[in-house]
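Numbering (the working numbering), first residue to last: 81 to 534. C-beta: ideal position from N, C-alpha, C; glycine also. Scroll down for the structure; my scribbles are underneath it.
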Amino acid sequence: MADAHDDDAPTPFLATEVPVAREDLGVHCDIQGIDWPAFAPTTRTSFRAQRIANYNNYRNCSADHAQIVKDLHRGYTECQFYDFQYTLTRHKYKCSEYHFQLRNLLYSTTPHTVHYAHADSVRVWSSLTRTSRQVLRREAFRVSTVCASREYVFMGAFTGECVLKVCAAADGDSNVETIRTGIATTDPFGITNHVEIGESRTGEHIALVSSNDDAVRIMRLADMKVSQTFKFPWAANVSGFFRSATSTNSIFLQQCSSVSPDKRLICVTGDNTDSVIISADTGDAAMKLTGHIDFSFSCAWSPCGRFIATGNQDLTTRVYDIRNAAKALVVLPSIMGAVRSLRFSDDGMFLAAAEPCDFVHVYDFSGGAADYLYHTRENAGPAAAAAERVPSPLGTTAFESQVVDFFGEISGISFTPDGGSILYVGVSDDMYGSILEFGRRKSPQQLFLEDVVL
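In C-alpha cells, the structure reads:
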C-alpha cells in the first residue's frame, strides 16, 4: 500500500457547502444551517421527539435498565457553558466514522486545529483559516481509530495495522516528516479499537493500543514495536493513561497522589460490565470499577488523576473516585443512546460525554462554573431559577450540564489543549457532515481582566 500526499494543500469550502457562523443563527438557520420553517408542518421540536422515540439503542446485555434508574443523578441540564461559533456543513471532506461502537476519531492538538478521520485518511481543520487539509493517508486502509498530538498522527486499522506520521517537532528536524508502520496484532479479530499516544515516565514516546483480540499493548513509537502486552478475558475497547495536569501535549502513565510514586495505572474498558485499572508494569489488576450493566466503550481520567469516568451502552456515564472506587461517585444519564466518547477539559472544569448521535453533554465537573454568572439559572429566566437544585457529590453546581443538541452521527469530540477554550464535535452525517465549533464562555472576572489589559 502506497502513502499518498497529493492533497496536502488547504482546501477551501466549495459552493455547495454551507458556512454557518453565530451571527447567522435565527428562525431560518440553526447551528447546522437547517431552515426548519421550510419543512413545515414538521417542526424541529416534533422531529426531535420522533427521533428520540424511534431510536433503538444497541445493547449487548439483556439486564433490565430499571435496576439502575434509582442511581441516576438528575441534575439541571439548561446551563450554557459553550456557545456555538462556526461550522462548515455539507463539507466535502466531512468527518467519517467506520464502526457504530467506535467514536474516537477527533483530536484537537492546538487551540485552533483539530485532526479528524475522513475516508482512508486523517485531515486537519483550522478554525483560523477555515480550511481542511490532508495530513496522512494510507490507500486501502480500513481506519478504525485515530489519535493525534503536536508530534504525531496515528491511524489504527480493522486489520491490526498501525500507521504513524512523525511530525517535524518530534524528530527535531523542521524539514523531515516520517511515515512509520507497525502491527499491533495479526489476529483476524484484532480490530484496533482505540489508541492513546504520549510519553512514559522515562520519556519514551509510546502508544497505548486497545484491540478486539482481548489485549492492550504498549507500542514504542520510535520503531512501532510492541513492548508490552496485557491480556484480558474480553475485548479491550478503550484504555486510558492519566493526562498530566501540567502538560497539555503529553500523556503519562497514571500516577495518582493517593498512591505511592512508583504506582503506574491504566484504566481499561471493554466487552464486560466491569472496567479494570491495572498496573502498567505488570498488568496486575489494581481495582475493579463496577455498576454498569452493559459493555463500555469510553473512559477518561480527570487531569488531577483522582477521578475516572466510564461510558457505557446502558446509557450512563459513571464517575469514580479512585480513592474509594467500590461504588460510582455519580451516575449520569444520556438521552437517547450509549456514551461512546468521553473527554475532560485540561483544566478539569468540564467533562464532555458524546452519545452515538445528536447529543453531547457538557458537565460542570469542578462545581466552579457558578463563577460564570450568566450560566446560573437566575440569569436563564424565572422558570430556571425556580427549578429544584439536585445536591451534587462534588459541589453545589457539579454535574449540572449543557446539552448540545443537533442531528447526525458523532465521530468524536475534543476540547482544545489550552484549558478547553473550544469544544469540537465531529458530525459524520451524509447531508450535514461537519465539525461543530463551540467557544467557552468567559466569566465576568476574565472579561474585566481583558478590558484592563487591553
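The alpha-carbon separation between G113 and L431 amounts to approximately 27 Å. Just measuring C-alpha positions, the residue of D151, Y512, A380 and L503 sitting nearest V98 is Y512. Secondary structure of E97 (DSSP, three-state): coil. By the neighbour-count criterion, in which a residue is buried when 16 or more other Cβ atoms sit within 10 angstroms of its Cβ, Q130 is exposed. Residue pairing of L503 in beta bridges, as defined by DSSP: F495 and F518.
CA-to-CA, the gap between Y138 and S414 works out to about 14 Å. Close CB contacts of V410 within its chain, under the 7 Å cut and outside five residues either way in sequence, are with H153, V399, P473 and F479 (chain order). A contact between stretches requires three or more CB pairs, one per stretch, nearer than 8 Å, and the region 165-177 meets this requirement with the region 502-509.
Between the region 382-396 and the region 119-136, the count of Cβ pairs shorter than 8 Å is below three; the stretches do not touch. The three-state secondary structure of P413, taken from DSSP, is strand. One alpha carbon belongs to C437, the other to L301, and they sit about 33 Å apart. Leaving aside the five residues that flank N184 on each side, the residues in its chain whose CB is nearer than 6 Å to its CB run, in chain order, T225, H274, S421 and G492. When DSSP states are grouped into helix, strand and coil, L168 belongs to the strand group.
Two segments are said to touch when three or more pairs of C-beta atoms, one from each, lie closer than 8 Å; by this definition the region 206-218 does not touch the region 520-532.
Pairing T265 with T157, the inter-Cα distance amounts to about 43 Å. Note on geometry: alpha-carbon atoms of F377 and D163 lie some 28 Å from one another.
H372 and T258 have their C-alpha atoms spaced approximately 42 Å apart. W116 sits away from R128, with the two beta carbons spaced by 8 Å or more. Here Q525 is exposed, its C-beta having fewer than 16 other C-beta atoms within 10 Å.
The beta carbon of G283 is closer than 6 Å to none in its chain, skipping five residues each way along the sequence.
DSSP, read as helix, strand or coil, puts S176 in coil.
In the DSSP assignment, Q147 falls within the alpha helix (DSSP H) that extends over A146 to V149. In this chain, the alpha helix (DSSP H) harbouring A129 covers R124 to N134.
Secondary-structure assignment with DSSP links Q214 through a beta bridge to R203. Closest in alpha carbon position to V440, among L105, Q181 and S494, is S494. By the Cβ-count criterion, S307 is exposed, with fewer than 16 other Cβ atoms from all chains shown falling within 10 Å of its own Cβ. Contiguous beta strand (DSSP E) elements confined to the region 337-382 occur at 345-350, 355-359, 365-369 and 376-381, taking only those with 3 or more residues. Secondary structure of D394 (DSSP, three-state): coil.
The C-beta of K311 has fewer than 16 other C-beta atoms within 10 Å across all chains shown, which makes the residue exposed. V233 and V215 do touch by the CB rule: their CB atoms are close to 6 Å apart, below 8 Å.
In the three-state scheme derived from DSSP, where H, G and I count as helix and E and B as strand, E489 is classed as strand. By the Cβ neighbour-count rule, L529 is exposed, with fewer than 16 other Cβ atoms within 10 Å of its own. H108 has no beta-bridge partner at all, per DSSP. CA-to-CA, the gap between V483 and Q165 works out to about 16 Å. Around the Cβ of T122, a 10 Å sphere holds fewer than 16 other Cβ atoms; the residue is exposed.
Under the DSSP definition of a beta bridge, E219 lacks any partner.
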